[in-house]
Every structure is written in structure tokens, then in C-alpha cells.
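Peer 1: One structure, as C-alpha cells, below. Some questions next.
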Amino acid sequence: MNLSDPIESSLSAELLTLIRLVKTEVESLGLPLFIVGGSVRDLVLGRRLNDFDLTVEGDAIALARSLASKHGGKVTVHAKFSTAKWFLPNNLRSDAESPDALDIVSARSETYQHAAALPTVRTGSIKDDIRRRDFTINALAIRLDGPHFGELRDDLNGMDDLQNGMIRVLHPRSFIDDPTRMYRAVRYEERYQFKIGEDTLALIPEARSLIEKLSAQRIRHELDLILEEPNAVSMLARLDEMELLAPIHPALSNFNQSNLATLKSDDAALQNRQSRWILWLMHLTEQEIESVNVRLHFTADLLKTLHSAALLNANQTAVVGLKPSQCVELLDGYSLRVIETVYHVLPNGEINNKFSKYLSQWRHIKPKTTGHDLKKRGLKPGPKYAETLRRLRAAWLDGEVKNKEEELMMLTHLLR
Ligand code: ATP
Ligand code: MG
Numbered sequence: 030m031n032l033s034d035p036i037e038s039s040l041s042a043e044l045l046t047l048i049r050l051v052k053t054e055v056e057s058l059g060l061p062l063f064i065v066g067g068s069v070r071d072l073v074l075g076r077r078l079n080d081f082d083l084t085v086e087g088d089a090i091a092l093a094r095s096l097a098s099k100h101g102g103k104v105t106v107h108a109k110f111s112t113a114k115w116f117l118p119n120n121l122r123s124d125a126e127s128p129d130a131l132d133i134v135s136a137r138s139e140t141y142q143h144a145a146a147l148p149t150v151r152t153g154s155i156k157d158d159i160r161r162r163d164f165t166i167n168a169l170a171i172r173l174d175g176p177h178f179g180e181l182r183d184d185l186n187g188m189d190d191l192q193n194g195m196i197r198v199l200h201p202r203s204f205i206d207d208p209t210r211m212y213r214a215v216r217y218e219e220r221y222q223f224k225i226g227e228d229t230l231a232l233i234p235e236a237r238s239l240i241e242k243l244s245a246q247r248i249r250h251e252l253d254l255i256l257e258e259p260n261a262v263s264m265l266a267r268l269d270e271m272e273l274l275a276p277i278h279p280a281l282s283n284f285n286q287s288n289l290a291t292l293k294s295d296d297a298a299l300q301n302r303q304s305r306w307i308l309w310l311m312h313l314t315e316q317e318i319e320s321v322n323v324r325l326h327f328t329a330d331l332l333k334t335l336h337s338a339a340l341l342n343a344n345q346t347a348v349v350g351l352k353p354s355q356c357v358e359l360l361d362g363y364s365l366r367v368i369e370t371v372y373h374v375l376p377n378g379e380i381n382n383k384f385s386k387y388l389s390q391w392r393h394i395k396p397k398t399t400g401h402d403l404k405k406r407g408l409k410p411g412p413k414y415a416e417t418l419r420r421l422r423a424a425w426l427d428g429e430v431k432n433k434e435e436e437l438m439m440l441t442h443l444l445r
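Quick note: the sequence shown uses the working numbering, first residue 30, plus one each step.
What follows is the structure, encoded as C-alpha cells:
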């Protein structure tokens, strides 16, 4: 099969130009060049390509360096993995949207010394490179050099699986070598509405006990990728049904269905990874969050956010009966992201109304008087400044002052 047409039609003019430059270079060096993996899958599915990995049967680092010396730009390398990133010169980028770098990797083989450990990597042939992959649908390659341009290489029947919507591992030890692949399988299954093959599903029970051997960083990365997907809820529900969340940490499995359902909302405030972590975990206790953190090593920022969201969620009733100024004082202690996210799961009623008013109006209300004005009135800088401004703001919020004159009268009174 030849895929030169989909390549020409679905890639931007920019990427095509880049491919031509790399093609010319490998042709003069006599090295076979391929697109492999997810990019081929998405090209066949007619999806937008979000990344683009070029694999060369040969030295990727030397190739990237020689491209940069001819066309400009910079190269960074990962010698251990024989991978290079060519940061493109400006003349190869038409606008800020176009890619700023091109990844080039050497075809390699991977072997696993221990279950769930990182593989030993050696440079190898494209045949090896295809066999190190997770699923048949991710093991397709398209050759790009010379007269081979567009040739599909399908060693493992990936095309059939792609057309039938099947996710299949390449060999029975696949999940034992790398248990993160079980999470990847579910991510592709829900993203493309595919099915994980029976034989592949049957390999999960044996690999489940190896999940605990995965490093915090690797398992968290998979969960991060899931939370970035539009279908994150179905992915989490499916992982839970397959008993793949509890082995990471039992608290991840005991989730609050209705909070999580909020993930489906297309509200812009929730379309980020952090809000999704909050929706997933905010009903946990402080101790449970700490305990999940021991397993996943959240970033300091996310950990703080999760604690803060859990606290607000647990204490949401504290706003009942408060004056607007008191609500503001309470809610100002939380980040906007935390408040917006918790707000999305509140049932209708007073608490919901108060959060809503805070978000849409109250948080923006400020007195007209500034620190500068106070200085002009002879107030010495110090805690009295903030206190005076806070009192004025509270008066606006509670309707005690309604215009600038009333504010100035109150100010005079306060400074007396
Ligand atoms: P996405 O669209 O989510 O980026 P992708 O298939 O491009 O999906 P990447 O994580 O970008 O996934 O990885 C690129 C390719 O590298 C995959 O298509 C797959 O062939 C291979 N790969 C990635 N992770 C693994 C893994 N854990 N085990 C084996 N092969 C993997
Ligand atoms: Mg990718």
C-alpha cells in the first residue's frame, strides 16, 4: 500500500517542506527514513497530527546536526537514546502556530531486564523499532526516502487492527515488561472507540500485580495524559471497571461519580489537567491525599491545590448565612481555579449562589480609594492601610456604601 496521497493532503505545507529537507539529507547519506507509530495511525484515521516522529535507520544525531549546519537552527540531543531535536530556524516557521522543532530518532531495539523497569536501549533496524512498540495500531511505519516515499510497512497486521478498531499488544509479555501499556490501551480504546482484543485483555490479570513496581513518575504521567483527554471520564470509569485504579492507590478507585461526571462539562474553566485532578480527588480527606501523594509524587503546586480544594469542598457550608464581605474574606483564601472547580459540583441553593456571586461579581468589587490616596491623606504606611481598604471594600460588598461620596464619608470616619 502506498500512502503518499494522505501524506501530501493531510500535512501542512510547512511539515511537507521539512520532510523534503530531511529526505534530501538522508538520500545523500543513503539512510532509510520513516514516520512510525502514532503519527501513522492518526494519518490513516484522517486525524490531525499533533506530533510527528521521524525515525532514521542510522545516526539521528548526526542527521539532525547536518540539517542544522545546512539550514540553521539548533540541535539538542539525548545520546543515550540516540534521539535529537532540531529547533528550526525562523525561516522554516511561518507563524507561531507552526512547529518549533522536529524530533528525529534512531531506529532502536529495546529489551527488558526486569518487569516494569525501564528498557535497555540499543540502536537497531526499523524491524526492531517496530517490535518494541505497545500495540499493532502503533506499529505501522511509512517510508519516506527516495522512490520508497509513501510505502506502508505493516509487519504486524496493524492496518487490519486499525480498520477493525482493535487494540492488540505485540506479544504476551508486553504488559509485564511495561504495565503502563494497560493504561495506554484504555486511553486509545476510549479515544477512538476501539476495543481491546480478547487475547490482550486476558494478559491483564497477570500484569496487575506489577503496577506497584512502576515508578511514581511513570504512572502519574499516564494519569496526566488521561486527564488531558476529552473522554477522560470514560477512561477513568473503564480503568476502574478493569480494576486498574485501585492497584495504584485504593483512594483513586473510590471516586465520587457525580463530581467526576462534571469532567464531561465543556465549561472552559475545567478544560485543564489541574481542574480534572481536583474533580477526581477533592472528596478525599487530607490524609488520603497525602497517602495518594506518597504513591504519585504530585508536583508541589498540584499537591497544594488538591489540599486546598479538599478543604474548601469539606467546608463549603461555612458560607451559609455569611454577609457578602464575609464570603469574600473566606473565598479570597483560595485560588480562582480551586473555587471555580469546586463551584461546578455544588448543588443549587445558597452555597451555589454565593460561589456564583463571588465568581461573577464580588471578587471584582474594590473601593475607589487606593493606597496612594491614603498616603495623600497623611496615613503612615503600615497595617492600617490594608485594614482601611478592607473595611471600605466590605462596605461596598455589603451595600453600606453605594457611591464615591459615601465611601469618602466613611473613609473620613475611619481615619478619625
Ligand atoms: P498520542 O496521540 O497520545 O501522542 P502516540 O501513539 O503518538 O499517541 P506517544 O506517547 O506520543 O503516543 O508515543 C509515540 C509512539 O511510541 C507510540 O505510537 C508507540 O508506538 C510508541 N510508544 C509510546 N509509549 C510506549 C510504550 N510504553 N511501550 C511501547 N511503545 C510505546
Ligand atoms: Mg504522540
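All C-beta atoms, glycine included, are put in the ideal place defined by N, C-alpha and C.
Which one or two residues does DSSP pair with threonine 291 in a beta bridge?
Peer 2: Answer is none; threonine 291 lacks a bridge partner.
Peer 1: Does the segment 203 to 210 come within contact of the segment 235 to 250, defined as at least 3 CB pairs closer than 8 Å?
Peer 2: Enough Cβ pairs lie closer than 8 Å, so yes.
Peer 1: How many whole angstroms separate the CB atoms of cysteine 356 and valine 348, which I take to be in contact at a CB cut-off of 8 Å?
Peer 2: 5 Å between Cβ atoms; contact.
Peer 1: Exposed or buried, isoleucine 155, counting other C-beta atoms within 10 Å across all chains shown (16 or more means buried)?
Peer 2: By the neighbour-count rule (16 or more Cβ atoms within 10 Å), isoleucine 155 is buried.
Peer 1: Would methionine 264 and glutamate 258 be called neighbours here (beta carbons separated by less than 8 Å)?
Peer 2: The answer is yes: Cβ separation under 8 Å.
Peer 1: Taking Cβ positions, are isoleucine 36 and isoleucine 171 nearer each other than 8 Å?
Peer 2: Yes, these two residues count as a Cβ contact at 8 Å.
Peer 1: Reducing DSSP to helix, strand and coil, say where threonine 229 ends up.
Peer 2: Helix at threonine 229.
Peer 1: Assuming isoleucine 240 contacts proline 279 under a Cβ cut-off of 8 Å, what Cβ separation, rounded to an integer in Å, is found between them?
Peer 2: That belief does not hold up - the Cβ atoms of isoleucine 240 and proline 279 are roughly 12 Å apart, past 8 Å.
Peer 1: If I'm right that leucine 191 touches arginine 160 with Cβ under 8 Å, what's the distance once you round it to whole angstroms?
Peer 2: Actually they are not in contact, since the Cβ atoms of leucine 191 and arginine 160 sit about 17 Å apart, beyond 8 Å.
Peer 1: Note down, in chain order, each residue of its chain lying with its Cβ closer than 6 Å to the Cβ of leucine 268, except the 5 sequence neighbours on either side.
Peer 2: Contacts found: Val215, Leu274.
Peer 1: Quick one: what does DSSP say methionine 30 is sitting in, helix, strand or coil?
Peer 2: Three-state result, methionine 30: coil.
Peer 1: At which residues does the beta strand (DSSP E) containing isoleucine 133 begin and terminate?
Peer 2: It spans 130 to 135 - the beta strand (DSSP E) in which isoleucine 133 sits, taken as one unbroken run.
Peer 1: Threonine 370 and isoleucine 307 look like a contact to me (Cβ under 8 Å); what is the Cβ gap, rounded to whole Å?
Peer 2: With 8 Å as the limit, threonine 370 and isoleucine 307 qualify as a contact, their Cβ atoms being about 4 Å apart.
Peer 1: Can serine 354 and leucine 426 be called in contact, C-beta distance under 8 Å?
Peer 2: Contact: yes.
Peer 1: Whole beta strand (DSSP E) runs in the segment 83 to 119 with 3 or more residues, listed along the chain?
Peer 2: Complete beta strand (DSSP E) runs here, min 3: 103 to 107, 112 to 116.
Peer 1: Measure the beta-carbon distance from leucine 169 to aspartate 158 and round it to whole angstroms, keeping in mind my assumption that it falls under 8 Å.
Peer 2: Not quite, the Cβ-Cβ distance comes to about 12 Å (not below 8 Å), so this is no contact.
Peer 1: Inspect the CB distances between the segment 83 to 93 and the segment 103 to 115 and report whether three or more fall short of 8 Å.
Peer 2: Yes, the segment 83 to 93 is in contact with the segment 103 to 115.
Peer 1: Could you have a look at phenylalanine 63 and say whether DSSP puts it in helix, strand or coil?
Peer 2: It is a strand residue.
Peer 1: At a cut-off of 7 Å, would you count glycine 187 as near the ligand MG, judging by its Cβ distance to the nearest heavy atom?
Peer 2: No.
Peer 1: Per DSSP, what kind of secondary structure is isoleucine 248 in: helix, strand or coil?
Peer 2: Helix, per DSSP.
Peer 1: Between Asn193, Phe223, Leu232, which has its C-alpha nearest methionine 211's C-alpha?
Peer 2: For the residues Asn193, Phe223, Leu232, the minimum Cα distance to methionine 211 belongs to Leu232.
Peer 1: Would you kindly report the start and end of the unbroken alpha helix (DSSP H) that includes valine 323?
Peer 2: Segment 315 to 325, the alpha helix (DSSP H) holding valine 323.
Peer 1: Is it the case that the Cβ atoms of leucine 131 and isoleucine 64 are separated by a distance below 8 Å?
Peer 2: No.
Peer 1: For arginine 249 and phenylalanine 327, I'd like the C-alpha separation in whole angstroms.
Peer 2: Taking the straight line joining both Cα atoms gives about 8 Å.
Peer 1: Sorry if obvious, but does the Cβ on aspartate 158 come closer than 7 Å to a heavy atom of the ligand ATP?
Peer 2: Result no, Cβ not under 7 Å from the ligand ATP.
Peer 1: Taking 8 Å as the threshold (C-beta atoms), are leucine 50 and histidine 100 in contact?
Peer 2: It is a contact, given that the beta carbons lie within the stated cut-off.
Peer 1: If you compare alpha carbons, which of Gly153, Gly194, Glu180 is closest to isoleucine 166?
Peer 2: Closest by alpha carbon: Gly194.
Peer 1: Could you compute how far the alpha carbon of phenylalanine 223 sits from the alpha carbon of arginine 213?
Peer 2: If I take the Cα positions, the gap works out to 12 Å.
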